[in-house]
Amino acid sequence: MQPEPGQQNGSRPWPVIVTRRLVKTYILGETSVYALRGVSLKVYPGEFVAIMGPSGSGKSSFMNLIGCLDHPTSGDYFLAGMPVSRLRPDDLADIRNRRIGFVFQSFNLLVRDTALTNVMLPMIYAGFSGKEQERRARRALQLVGLGDRISHLPTQLSGGEQQRVAIARALVNSPSLLLADEPTGNLDSRTSLEIMAALQSLNARGITIIIVTHNPEIAAYTRRQVVMRDGRVVSDEPVAALRSAQADWSAAVKSNSTAGGMQIQEETQ
Numbered sequence: 060m061q062p063e064p065g066q067q068n069g070s071r072p073w074p075v076i077v078t079r080r081l082v083k084t085y086i087l088g089e090t091s092v093y094a095l096r097g098v099s100l101k102v103y104p105g106e107f108v109a110i111m112g113p114s115g116s117g118k119s120s121f122m123n124l125i126g127c128l129d130h131p132t133s134g135d136y137f138l139a140g141m142p143v144s145r146l147r148p149d150d151l152a153d154i155r156n157r158r159i160g161f162v163f164q165s166f167n168l169l170v171r172d173t174a175l176t177n178v179m180l181p182m183i184y185a186g187f188s189g190k191e192q193e194r195r196a197r198r199a200l201q202l203v204g205l206g207d208r209i210s211h212l213p214t215q216l217s218g219g220e221q222q223r224v225a226i227a228r229a230l231v232n233s234p235s236l237l238l239a240d241e242p243t244g245n246l247d248s249r250t251s252l253e254i255m256a257a258l259q260s261l262n263a264r265g266i267t268i269i270i271v272t273h274n275p276e277i278a279a280y281t282r283r284q285v286v287m288r289d290g291r292v293v294s295d296e297p298v299a300a301l302r303s304a305q306a307d308w309s310a311a312v313k314s315n316s317t318a319g320g321m322q323i324q325e326e327t328q
């Protein structure tokens with residue numbers, strides 16, 4: 060007898076995500092357009108997965124389904140053993156709020172509120188006391204290296220710091236899964252390394268992370284790469300040699316500092 064998704068199978072941990080033959084179609088006039096064509100995938104606790112593919116490959120549609128932002132046309136989706144694809148919209152909203160943390164390309168921060176207040180926002184409807192909200196928000200900001208920026212407004216933070224506030228906000232409800240949709244899309248290369256270093260650090264603490272990216276240089280900092288094309292998974296492989304985003308960020312900072320010093324020296328001669 061096959062175990063249900065989320066059921067222990069030998070010594071392997073329970074999957075956080077199980078998708079079985081997910082299909083998603085959109086109706087355009089009299090035409091059915093397939094965004095997903097039978098996607099089956101498992102993601103286990105503590106994995107760091109990149110979903111890759113060109114525009115139109117289906118990666119964004121897949122992210123919307125596993126993020127409970129949309130329903131599949133057919134197929135099954137289980138999140139931590141729950142049959143998510145069969146739930147009502149109200150139940151899906153509860154799953155989104157309690158089980159999934161979202162990080163988007165745009166930071167989506169309230170510009171008139173501090174970093175601490177922005178991170179506390181997801182807990183307003185979660186039933187936590189004000190004291191517990193602040194405790195959790197402070198802890199989340201510390202996890203992303205912003206414990207000394209809690210009173211700063213978004214306009215007082217760099218782009219990388221703003222995205223780290225967004226990551227802290229996604230973590231504050233202790234979700235089963237962190238989903239990041241092109242989290243470095245609006246950032247320069249050095250700041251992108253800063254964000255990937257933060258995500259690698261969180262993953263090292265056991266947090267399950269899935270990112271959508273079209274950039275293979277960003278995907279190189281994950282542990283597993285799933286490539287999609289025309290609504291199908293065409294490749295699913297572990298990363299052969301994991302790179303350290305922190306080390307690459309440090310090297311980039313050092314290189315820029317050296318280049319800047321040389322430029323100043325030349326100008327003063």
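Residues in the sequence shown are numbered from 60 upward in steps of one, following this note's numbering. We put the CB at the ideal spot given by N, CA and C, even for glycine.
Which of the three DSSP states is assigned to V178 in this structure? Assignment of V178 by DSSP, reduced to helix, strand and coil, places it in the helix class.
Where does S99 fall in DSSP's three states? If DSSP states are grouped into helix, strand and coil, S99 belongs with the strands.
Once you ignore the five residues that flank R96 on each side, which residues in its own chain have a CB closer than 8 Å to its CB? The residues are V82, G117, D289, G290 and R291.
Inter-residue spacing [alpha-carbon to alpha-carbon] between W329 and R147: For residue 329 there is no data in the structure shown, the boundaries of the chain being 60 and 328.
Distance cut-off 8 Å: P142 Cβ against heavy atoms of the ligand GDP: Absence of the ligand GDP from the depicted structure is noted, as is the absence of any ligand whatsoever, leaving it without description.
Spell out the partners DSSP gives R79 in its beta bridges. Per DSSP, D135.
Between which two residues does the alpha helix (DSSP H) carrying S294 extend? Taken as a continuous stretch (DSSP letters only), S294 belongs to no alpha helix (DSSP H), being part of the beta strand (DSSP E) at R291 to P297.
Tell me whether D240 is buried or exposed, calling it buried when 16 or more other Cβ atoms sit within 10 Å of its Cβ. With 16 or more other CB atoms across the displayed protein chains lying within 10 angstroms of its CB, D240 is buried.
What is the residue span of the alpha helix (DSSP H) that V224 lies within? According to the DSSP assignment, V224 belongs to the alpha helix (DSSP H) that extends over G218 to L230.
What do you get for A256, buried or exposed, if any count of 16 or more other CB atoms within 10 angstroms of its CB means buried? Buried, by the Cβ-count rule.
Name the DSSP beta bridge partners of A278, please? Under DSSP, A278 shares a beta bridge with no residue.
Which same chain residues end up closer than 6 Å to N315 when comparing Cβ atoms and leaving out the 5 residues on each side of it in sequence? Cβ within range, chain order: n/a, list empty.
Quick one, are the C-beta atoms of L236 and V102 less than 9 Å apart? For L236 and V102, yes; Cβs fall inside 9 Å.
Grab me the residues of V143's own chain with a C-beta within less than 8 Å of its C-beta, minus the 5 sequence neighbours each way, in chain order. Close CB contacts of V143 within its chain, under the 8 Å cut and outside five residues either way in sequence, are with C127, Y136, F137, L151 and I154 (chain order).
Nearest to T132 by CA position, among S91, V286 and R283, is which residue? Of the candidates S91, V286 and R283, S91 places its Cα closest to the Cα of T132.
Can you list, in chain order, the residues of its chain with a C-beta nearer than 6 Å to that of S165? Leave out the 5 residues immediately preceding and following it. Annotation for S165: no residue places its beta carbon closer than 6 Å to its own, counting only its chain and skipping 5 residues before and after.
Measure how close the beta-carbons of V178 and A196 come, nearest whole angstrom, since I'm counting them as under 8 Å. Confirmed, Cβ separation roughly 4 Å.
Just the Cα atoms here: how many angstroms apart are L168 and V231? L168 and V231: Cα-Cα distance of roughly 15 Å.
In terms of residues, what are the limits of the alpha helix (DSSP H) holding D153? For D153, the enclosing alpha helix (DSSP H) begins and ends at P148 to R158.
Tell me the residue span of the beta strand (DSSP E) that contains L200. Run containing L200: none in the beta strand (DSSP E); it sits in the alpha helix (DSSP H), G189 to L202.
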